[in-house]
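The structure appears below as structure tokens.
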Amino acid sequence: MLKPLFLCVVLLAASLPASAVEWTPVLNGSVSGGQYFFAGQRGNLGGNAALTAAGLVKLSDRWSLLPMYNGSYRGTKGVDDGVAAGTLFQQQMDHTVSMTGIRKLEESTWRVKPSAGYKREFLKETRNESWGHGLFDYEKISAGVEFENIYKEPFSLRAGLDVFRVRFPSYESLESRSGTDPLGNPLGRELASKHVLDTYNWQASVSGTRPWPFEDPKYVLSGSYSFLYKDFLDQRIVQTSGQFEDVARKDFLQSLGGSIMRPIPMRVFDGDGRLDLSMAMSFSYNRSNQNTFDATFARFLGDSYSYWTFGAGPAAVLSWGDKKAPAWTSASFRWNRQSYLGRLVQDEVGVYGSAKQKHDRYTFSLGYGYPLAPKLTLTFRTNILWAASNHKYQKNYAYAYRAMNYLIGVAYEY
Amino acid sequence: MRPEFRRAETRNSRTGRRAVFAAVLLAAVLLVTSAGAVSITSADGKVLFLKSGSYTWAQVSTGQVLAPGDQLKTAGGARATVTFDDASRVDLNPGSSFTLKESSPQASGMELKLGSLKAWISKSLNRRFQVRTPTAVCSVRGTEFGVDVEPGGDTRVQMFGGLLAVADKAGNEVLIKDRESVNVTSEGLGRVTDAGTREERGDSEARQVAKREVDLRMSKEEVQAAAAEESKLSEFQEGKAIIDVNGNRVRIEEYIVRPAANQFKLVVLNEREARFDYFFYHGTFNQALPTDMSVALRQLPGCLDAACSYFMTGYRTGRSNTQDSMLEVTSGGHQVDINNNAYGAPDDVTAAYDPATASFIPVAAGRPFFTTLYDNYNLTFNGVSHQSWAGVNIQNMKNGQALAPVFTNVTTVQNSPGCAPPDCTYNEISEGIFHDVVYASNGDGSIWEKYDSYVINDLGKVAKTSDFAATGFGGLSFKQTLLGWNFQTIVTASEFGGRKIDLVVEPKIFIQSGLIP
């Protein structure tokens, strides 16, 4: 399982240059502990850790390389995680290695950045799952190229193309392995797919940041648009009768985002400080050709994976003290709505209504950081989520609830 | 510029006296005209210029020549480069306030009241280069250094190459060398620190680029990870993975197969890490089924007032762990008004499940209720019959009654006090949990079957009686509440050789299919 990961690490190590080139390391790490609360239940105390290690290798005036490793372990659940089976117990670990090339184009502010990466995520949600054998473990192989124009440091325009494959090695549909019943009749439907979660993904994106006003900036504007085509090669379309059609599922996800940020210098505790105020908005629209068939109610639901989402919310960060190691406190609020185009609501016992599902999530976050030593910061974060929905059937998955978590730890940045 | 001119002089010395003379003459002219010239060679953003003696600030333009006393201010985000005649250069960072104090062949002097600058000073034997701040004086020859001035005047001087003399207002002086730094406040000079390592010099340009690239890469990873996360969530939302009573994950898949026009087959698959169990319900109807099967399936529990238009003439249902099986096979299905048959009230239906509303509704005495009775039935475990009946056009299921089938039961349910747990029928309701055991055996106990059932939620928690306290037990509300839970039933039998069939199924599946009345 870990072979490809090991291979990538070896390749990365081999690609590191000898002493002749300039090498700028970046190292970020954090360790924290905390708890997750859901609907009056309290999870055990758990720990989180994250490490990012990278180095910018300047091979020449034109070419640089950025090998990078990122790993994290999460023993406490985040409030944004879905609430289904395994609500209180969850351990997650992921490892990512990537290599990015940076090529400055002659006599221009443009850069071309080809990249490739490999990620493996491990998830333990039940007592009988062990690392490397989690049902929803996945691996991702990606490659892409980005064009960036840093037209006015640090502001830039970017355009990118990425291809990535997501594979769930432990997940196969049960139906594809069901065989025959004791009377010799097949248990599965014709054309039953096997690797129903695996996808090939193609993404095109553009994004940029801009000072405003341009000559005497007071605000920072940023915006992005992306188009993602997800091809479920082995997930066939469900027909009205609940049987399969020999057509694969395809999703088209478009995302639009924007934000405005205003840094305000101010006096804090008789010293210099800065307040960063920002407001962000996002919109996404997913169009899928897949339907569902609820066998319990023998009910066909067309277009049940198409949806749009809208999110918005303000954030504020106040920092003060030593500019290189400031203390900071932050607060943010975010509202997200997801509206399905074909998925119908159900009442508490599962009876279908005529309205389409709408889910709202309100997240409020607070944070505080205090510098303990150069590069070392004590951090505290808490998140509170209030989820609401017009879909009342919550036997399998919770749509309306309150959850909270908190984390206390230290962060190191080199 | 002087260095370039010196190179020209060397080349011209080979070409003859006239050329040498012309060059020397030109050099002399240039030296006179350019000595001490200072100009703005780059301005980005809002950079304001105040001519000495003037009171009006104006936007500076590239090429602007500065004279002693002239001032510059850079706004937030703006930068400017001041270049001296000897190629020395000063970069002013955003938010800086700068004054040119002196510019002559002997000395260049400037004042930085606020902000920061970085200077590259050409080596010169005769020329002194000085930067003043509200608290410090930096004197240098041939070096690269940076000066940061805080609003209160506190100054930080960092050396990147060369030698620099830094003095405070009291005249105390310290020499800092390559990669050292010193802070100067109104109280005087601070301690010289070795800023030779990168972390002490703060973020270098290369580090900022590296951090930026790392952030961009991390953002891209997050976007791509979200695509994987969404695939997983959709599986959760369809309830395909829950936890069983033993804390193990059970994957569940439920679907309907259409083997023939008048048939349907509901299949429920369970998978745990080391086992695979399934349940199926294969029914044959009295006529071809519509595309929307719910029209027919909702009539399975029975119909009020009139006979069902869709009913099953036979079904086969089974459970298996892929090795052992429990099968029920029926045939000869027909509609009977169970509330008005010859047997009378004992087999009357008083509450009926309505699939349209997923709820139970009361049925008044004598109100026609049509259900399907089967003339033939056989329950087998690995092919061995435990219970069966046979009849012709049966009208009730009461053993010994007229128009009832003939029962051939190998096993009968064993109740206390004739037996004791674990091989007995009992429950733990009195202990406050929904755990129920049904045990049936033949006379000598050589043939037996056992159903060990739990009512659990999706987290594998066994339902407590307190969860049903508000609804009471056995009534409509109780059954209604039960719909929100799962049934986990572990079946063992004398034919299984110690193995079990362990299934987690939604009760709605059983109720809707008529298997639970």
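The listed protein sequences derive, respectively, from chains U and D.
Using my numbering, the first residue of the first sequence is number -6, and each one after it goes up by one.
Using my numbering, the first residue of the second sequence is number 4, and each one after it goes up by one.
Every residue, glycine too, gets a C-beta built ideally from N, C-alpha and C.
Since the structure is predicted, the reported quantities are computational estimates derived from the model, not experimental observations.
Rank U:ASP87, U:GLY235 and U:HIS126 by C-alpha distance to the C-alpha of ARG252 (chain D) and give the top, closest one. U:HIS126
Original post:
Got a sec: which bits of the region 58 to 69 of chain U sit with their beta carbon under 9 Å from any beta carbon on chain C, in order along the chain?
Top reply: Although the question refers to chain C, the structure presented lacks it and instead comprises the protein chains U and D.
Alpha carbon to alpha carbon, what distance is there between GLN227 (chain D) and PHE101 (chain D)? 48 Å
C-beta neighbour in chain D for ALA78 (chain U), strict 8 Å:
Reliability fails at ALA78 (chain U), whose pLDDT of 45 lies under 50, so the model's placement of it is uncertain and the value that follows must be treated cautiously. ALA78 (chain U) counts as touching chain D.
Task: Cβ separation of THR415 (chain D) and ASP455 (chain D), assumed to be a contact under 8 Å, to the nearest whole Å - done: With a Cβ gap of about 18 Å, THR415 (chain D) and ASP455 (chain D) do not count as contacting.
Helix, strand or coil at ASP470 (chain D) according to DSSP, with G and I counted as helix: helix
- Within 9 Å of chain U by C-beta, residues of the region 267 to 283 of chain D in sequence order: PHE267, LYS268, LEU269, VAL270, VAL271, LEU272, ASN273, GLU274, ARG275, GLU276, ALA277, PHE279, TYR281 and PHE283
*List the DSSP bridge partners of THR375 (chain U).*
U:LEU359 and U:TYR399
_Assuming GLU114 (chain U) and GLN85 (chain U) are in contact, meaning their beta carbons sit under 8 Å apart, how far apart are those beta carbons, in whole angstroms?_
7 Å
For ILE432 (chain D), which of helix, strand or coil comes out of DSSP? helix
- Local conformation of GLN404 (chain D) per DSSP, three classes: coil
Just to confirm the assignment, what range does the alpha helix (DSSP H) spanning LEU300 (chain D) have? 297 to 300
Using 10 angstroms around the beta-carbon of TYR164 (chain U), count the other beta-carbons present and answer buried if the total reaches 16, otherwise exposed. buried
With H, G and I counted as helix, E and B as strand and the rest as coil, what does DSSP make of GLN339 (chain U)? strand
So, for GLU257 (chain D): in the same chain, excluding its five sequence neighbours on each side, which residues have a beta-carbon less than 6 Å away from its beta-carbon? VAL271
Beta-carbon neighbours of GLU118 (chain U), restricted to chain D and to distances below 9 Å:
ALA244, ILE246 and ARG252
Exercise for review: Taking the CB atoms as reference points, tell me whether GLY48 (chain D) and ALA78 (chain D) lie closer together than 8 Å.
Suggested key: yes
- prompt: Along chain D, in chain order, which residues have C-beta atoms closer than 8 Å to that of LYS51 (chain U)?
  reply: ALA209
Min CB distance LEU506 (chain D) to chain U below 8 Å | no
### Query
For ALA31 (chain D), which residues from the same chain have a beta carbon less than 6 Å from its beta carbon, with the 5 sequence-adjacent residues on both sides left out?
No answer about ALA31 (chain D) holds up, because its pLDDT of 38 lies below 50 and its placement is not dependable.
Any C-beta of chain D sitting closer than 8 Å to the C-beta of PHE357 (chain U)? no
ask   = Helix, strand or coil: which one does DSSP assign to THR360 (chain D)?
value = coil
Check your understanding: So with Cβ pairs under 8 Å, would you call ALA291 (chain U) a contact of chain D?
Key -> yes
Along the chain, where does the beta strand (DSSP E) containing TYR164 (chain U) start, and where does it finish? Element bounds for TYR164 (chain U): n/a, residue is neither H nor E.
Short of 7 Å in beta carbon distance, which residues of its chain neighbour SER42 (chain D), apart from the five on each side in sequence? Order them along the chain.
GLY66, GLN67, VAL68, LEU69 and THR86
Margin query: What does DSSP give as the partner residue(s) for TRP451 (chain D) in the beta ladder?
Written below: D:SER444
> Would you call the CB atoms of GLN196 (chain U) and PHE220 (chain U) closer than 8 Å?
Replying inline: yes
### Which residues DSSP lists as bridging VAL41 (chain D), in chain order
D:LEU69 and D:PHE87
- Pairing CB atoms from the region 126 to 146 of chain U with CB atoms from the region 166 to 185 of chain U, are three or more of them under 8 Å? no
Exercise. How would you write the range of the beta strand (DSSP E) that ASN194 (chain U) sits in, first residue to last?
Worked result: 192 to 205
As assigned by DSSP and simplified to three states, the class of ASN342 (chain D): helix
ask   = What does GLY487 (chain D) reach in chain U if we use C-beta pairs closer than 8 Å?
value = GLU341, VAL342 and LYS388
*asked:* Check this for me: beta carbons of GLY343 (chain U) and ALA244 (chain D), under 8 Å apart or not?
replied: no
Q. Buried or exposed: GLU225 (chain D), going by 16 or more other Cβ atoms within 10 Å of its Cβ?
A. exposed
Exercise. Below 8 Å between beta carbons: does that hold for ASN249 (chain D) and ARG278 (chain D)?
Worked result: no
ask   = In this structure, does DSSP put GLN227 (chain D) in helix, strand or coil?
value = helix
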